[in-house]
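See below for the structure under consideration.
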Amino acid sequence: MAGSLPVKGCPGRKIAPSILSADPLEIAGSIKRLEGEHDWIHLDIMDGHFVPNLSYGPSLVEACRKKWPEAVLDVHLMVEKPENFIEPFAAAGSTIITVHQEATVHLHRTLQRIVDLGCTPGVTLNPGTPVELLKPVLPLVGLVLVMSVNPGFGGQKFVSAVLEKVRLLCCWREAHGYEYLLEVDGGLGPENSALVSSAGCDVLVAGSAIFNSPDPAGVIREMRAKALEGTGCDGYSKNS
Ligand code: DX5
Ligand code: ZN
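Written out as structure tokens, the structure reads:
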């Protein structure tokens, strides 16, 4: 079972701005400048071990939940042993909690714990990790996040080789009737939104393209328009 899915039944392509690229002293102001164009808020949690960078803890999720009670808070845990952090991030008000396949020995148990705590479970993998490793947990998750950069920093170049994984996940979803949404994270902007959408991506994460722009709301509108041009699931047969 795919957990409670507040994200289900929303047609079209979604844009999830990553506040990693927002001014840390002005996060609320940066969200306000999005003029409500965003669908989700993507929060990148880094521990300095799984990735070579540090970012936020549950207190930021809690503050976001308090300020935006209805927001979909899309929490991406780039931490070792994420099982140790599920409870505080669920209690803080996360909507979706996504863990890396590479970071936990007991992936299935960790995802089940996310379900038990009332959040939508997401699973993700680095660009160098084979997508086949996710097969056993696909019936359980509400979100599969395909990393299109090596995690740890905003502003990196999109790794196009991961599009094959998106296509496969899109086909497997169709073939097996799975319910997960497909999200892509890293190096996205208006220029490649149609490309990832054509491969099957439902949710586009973008940090620097949005928050480094003088018109962040305009970038979201542009990304969504381009994404809606994408055909979805453009490759592979159902037998892949
Ligand atoms: C990378 C993070 C991404 C990143 C996206 O570790 O998971 O969410 O902040 O930033 P851009 O869009 O600048 O690649
Ligand atoms: Zn992320």
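Every letter in the sequence shown is one number past the one before it in the numbering used here, and letter 89, counting from 1, is 1206.
Quick reminder that beta carbons are idealized off the backbone N, C-alpha and C, glycines included.
Computed from a predicted model, the values in this text were never measured in an experiment.
The segment 1188 to 1195 makes no contact with the segment 1325 to 1334: fewer than 3 CB pairs, one atom from each, lie closer than 8 Å.
Under DSSP, residue 1171 takes part in a beta bridge, and its partners are 1164. In the DSSP assignment, the residues bridged to residue 1133 are 1322. Taken atom to atom, the span from the alpha-carbon of residue 1132 to that of residue 1293 is near 26 Å. With contact defined as three or more Cβ pairs closer than 8 Å, the segment 1177 to 1184 and the segment 1216 to 1229 are not in contact. Taking one beta carbon from each stretch, the segment 1228 to 1238 and the segment 1257 to 1270 have 3 or more pairs nearer than 8 Å; the two touch. In this chain, residue 1152 is not harboured by any alpha helix (DSSP H), its DSSP state being neither H nor E.
Contact residues of the ligand ZN (beta-carbon closer than 5 Å to any heavy atom; chain order) are 1161, 1193, 1302. Take the alpha-carbon of residue 1226 and the one of residue 1163: they are about 21 Å apart.
Restricting attention to 1281, 1140, 1130, 1155, the CA atom closest to the CA of residue 1244 is found in 1281. In the structure shown, the three-state DSSP call for residue 1200 is helix.
Within the segment 1218 to 1280, the complete alpha helix (DSSP H) segments of 4 residues or longer fall at 1224 to 1233, listed in chain order.
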